[in-house]
Every structure is written in structure tokens, then in C-alpha cells.
Amino acid sequence: MLSPLLLLAVFAGGQNALAAFTPLSAKETFARMSPGWNLGNTLDALPTEGGWNNPSVQNVTFSQIYADGFRSVRIPLTFVNQFVSGAPSYTVNATWLSRINYVVDAAITTGLYAVVNVHHDSWDWADMSGSKSDLEARKAKFEKLWQQLATVLKDKNERLLFELLNEPVGSTQADANVYNDINMRFLNVVRNTGGNNPQRVLSLPGLNDNSQYLTQWFTPPNNYTSDKWSVQFHYYSPWDFTSNSWGKTFWSSDADKAAVESDFSQVRGNFSVPILIGEYGTYAVGTAVEKAAGWANIVIAAAAGKINTIPYNGNGTLWLKSGVATPPAIYLQYNGNTLQGIYTSTGVALTAGKDYTAITSPLTGFTLTSPYIASLGSSSTLGEIGRVIVRSIQGADVEIDIRRYARSVIADGTINVSGNTNDYYINFSPNGAKLATVKAVGPAEKSSKMIGRSGLGSPGRTNQLGRLWRIRESAYYLLGFDEHYQELW
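Just so we're aligned: the sequence shown equals residues -19 to -1, 1 to 470 in mature numbering (1 follows the signal peptide of the UniProt record, and there is no 0).
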């Protein structure tokens, strides 16, 4: 990502990137940072980089994301295992600081803006919630940490930003007040480390990086230049969808979209400073990519202050209910593009008017004709019966899976787990549908346990739900769960 590569050799020794500093306001800075990307589970891993099985960050990573169009990177840092002395100095391992310095240089010399923070320490010693008896010692340690980190990075150019702490732990106004104090201390420390830091743009979180707590309990600082700081929150709402929990596999109703827009409008309406959404996303496991993309589309629009009320179905699957002859319409957002044609998976063009009909109302898209669907095979065939490719004048093709489905069936039977160490199978006939997630419940649904795909052996088996690993099966029964349910695409 460092172009030219010669610059990598210059900075390989961990020296500061001495590019001229161009003072920018937070607003000007943020206008240059979108879109951004998180370098997660790397420098924030415990006990150190690589601890969570990701490789060490490489310079080429930054080059690649810059080439892909990203203009900023958030670089989470964890220090839990990096202190080499205790109070009063709380000295951080010099080798770790040098590594951070090198990675920051690699990012900003590529042209990216970089945001560094103190990350998973919030779980540990930097948890300031709950009236802790050693609270003042924790605050002192936090100040010493930022004094050392800000000093190492003080001569970086304006493309480096500092973020106080990731998702400060707490749930009360009293907890929020503690972090409001920490914010003030942080701003003082950064300003007093000199170099370019007094002009540097900083990002301040609300409690838990939660938007509601941010609007309710955040106190604006009065000890830092007003156009040099911003606020931040994270967005994983609704959690039952973004985490792929039970009952929210699908997302896209008008009410769903309105809830997102309301969340963002409340934050925008309470702050005049720029707002950074430091994290947002859905867990990919078990979640339809197209539905996650639809959620992200609305989030991005809401963050930009654009009210997107256009319902759309970005689904990559056309579902045909068995016994229903007329195929449903497929709606598309062309975003200024133009439809070139529709093709089979082998590249054969479908004929307009014969195989499909373009539509413009109530939304743009097309409908596959009944004769074309009939040409794909017997009406009694369940599962995938074909695929079509939608091709526009510009951009990537969209591939649509055509599937016919009927009501799924679970075979009657009993599983005896007593003394059994084998894997257990639940016979299941999806009848053309696809498994999304599974829920296990106890009597009267007093408690429930999600069994995500990580706990399923092979959800794609023809006649088996997949095996539940023994450790999960034991927990499932030992906890008293006596029923389970499947949610299907």
C-alpha cells in the first residue's frame, strides 16, 4: 500500500513519518475518510499480535484496501499484556510501541487516514464502571498509557487520529460520568505531548459506544479546540438480526428501515460535531449476504442523513412456492445503471417478452414468465431448478438462484443421550428450503439457546439437519432443553 515501495524501506526502522502537517478541522478530516475499514483481531489480539490466529499485518494489506477504494483504516490496539512495569510509571513495552509506530507509518504513507485506539483493555484494567475501589489508579494508568502512545506518534501528519477507548464498559449515568472525566484527561494528555498532537483530530466515545447512551449522558469537553474533536458510536442494531439470532433471519420491512433511520436521526440531532461510526456490520455466518447488504445500504444512507424509504428486494434467490404457478417479481435497484440483458448460467440470453418481462411499477425489475419456469423442469422438483444472471451495462453481474420449495418435515423419533458418546443426527427434509438457524428451548420456553452454524456439522446435507457436536448436544440436554426449532430461508 505504500507507493512507492521505496518509502517502506525508509520507514522500516520505525521512524516517524515526517510529512508536513496540514491542519484540518474534524469535519474536513471526516470528509476525506469515507469509506473506512477495521483492521480487527490483529494488533488488538490477546496476548499480542497473531494471538487470535490472524497473521501479522502486512504493508500490502493497506495497499490492497486503498486500491479497493477505502480511504481510512481503524487500527485497534490492546495493551493488557504489554506493560513492563506497574505504578507509578506503567511503562509500555518499547518493542510494542515500535511495532505500532511502524504499522501506522505503513497506513498513512499509503494515503489512508488511520484511527488508533486503546481497544480490548476496556474489558480488563481499563474497565472503569461500577464504583471500583482502585478507580483512581486505573485512571492514572490510562493517562500514562496515552502519554506514551501519543508521544511516540506525535509527529505523524494530519492523517492520524486518536480514539480514546473502544466501547467503554458500563450501563449507568454514574459510569458515563467517569468516562466523561476520562475524556477530559485524555484531551489534556494528548495536547501536552507536543509535536502535531495539539492540532490532531480526536474521537470520543459514549458509554459502550452506544448511540442512546451517547445522546443521553455524554458531556462535551471544554478543554480542547472545538473543531478538533468528534464523537463515535457503534451500530449493530437490531442485534437479533445482525447476530443472526432466532426470529430475525430476514430484515427489510419499512418498520425495520424506519427504526435505523430514527436511531441515526436522534444522534445527528444532538451533536453539531462530526460523528464517526467506528464499527457496524452483520455476522456473516448463517446470514444471507444479500440481506446483510440491504441492512448496510440503509445504515449508510441513514448515516449520511439520507432517508431511504424505497423498499427493495436484493435477494439472490427467487423462491417459488410449490403449487403456485405465477412467479413473483424480482425488483432491482439500478442506481443509474441500465439493464443489458438476462442470461442463463451458461451465458444463453433470455428473450424479452417470451422468457421475461421488464417492469417499472411498483418498482423496477423483471418477472420470469410461467413458460420459462416450466422449461426448467417438472413442477414437482424441489430445490434449485435453475439460475439466471442479470447483466447491466456497467458493473458486476447479479446471479439469481431459482428454487422451488414446500413445507419442511422433521421425522418423528427419540434421541437417547444417556451414556452415548456418538454424534446425534436429526432427520430433516427441507423440501427445497435452506437452513438459516436453529433454536433450542426448554419447558415453556423459559430459556433458549441459539445453535449457530458454528455448532452444526453440515447444514447442507440432503436429509439431515447436520450433526450437533457432542459438547453442544450434552449442554443442550443437561440444561434441560427438550425442543428445537429450525428457521429456514
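All C-beta atoms in this analysis are idealised placements derived from N, C-alpha and C, irrespective of residue type, glycine included.
With respect to the C-alpha of Asn318, the residue from Ile374, Gln129, Pro343 having the closest C-alpha is Ile374. Tyr315 counts as exposed, since fewer than 16 other beta carbons sit within 10 angstroms of its beta carbon.
About 6 Å separates the beta carbons of Leu134 and Leu141, which is inside the 8 Å limit, making them a contact pair. Distances from the alpha-carbon of Ile383 to those of Glu144, Tyr205, Lys415 put Lys415 closest. Annotated three-state conformation of Thr327 is coil, per DSSP. In the structure shown, Arg181 falls within a coil segment according to DSSP collapsed to helix, strand and coil. Taking the Cα positions, Thr307 is about 42 Å away from Gly50. Annotation for Pro255: Ala7, Lys8, Phe11, Ser211 place their beta carbon closer than 7 Å to its own, counting only its chain and skipping 5 residues before and after.
Looking only at Gly322, Thr23, Tyr337, Asn19, the smallest Cα-Cα distance to Leu93 is reached by Asn19.
By the 16-neighbour rule on beta-carbons within 10 angstroms, Gly328 is exposed. Straight across, the Cα-Cα distance linking Gln213 with Ser37 is about 27 Å. One alpha carbon belongs to Lys238, the other to Thr76, and they sit about 47 Å apart. In the structure shown, Asp382 falls within a strand segment according to DSSP collapsed to helix, strand and coil.
Here the alpha carbon of Thr338 sits roughly 52 Å from the alpha carbon of Leu188. Assignment of Ala387 by DSSP, reduced to helix, strand and coil, places it in the coil class. Around the C-beta of Trp220, fewer than 16 other C-beta atoms lie within 10 Å, and the residue is accordingly described as exposed. Nearest in C-alpha terms to Phe64, of all of Arg172, Pro57, Trp127, Glu242, is Trp127. With a 10 Å radius around the Cβ and a threshold of 16 neighbouring Cβ atoms, Arg13 comes out exposed. At the C-beta level, Ala310 and Gly346 come within 7 Å of one another.
Inter-residue distance for Ala88 and Arg55 is about 10 Å (C-alpha atoms, whole angstroms). Every beta strand (DSSP E) stretch that sits fully inside the segment 48 to 117 and reaches 3 residues is listed by chain position as 53 to 58, 94 to 99.
Using a Cβ distance threshold of 7 Å, Ser361 and Val390 do not count as a contacting pair.
In the displayed model, Glu365 falls within a strand according to three-state DSSP.
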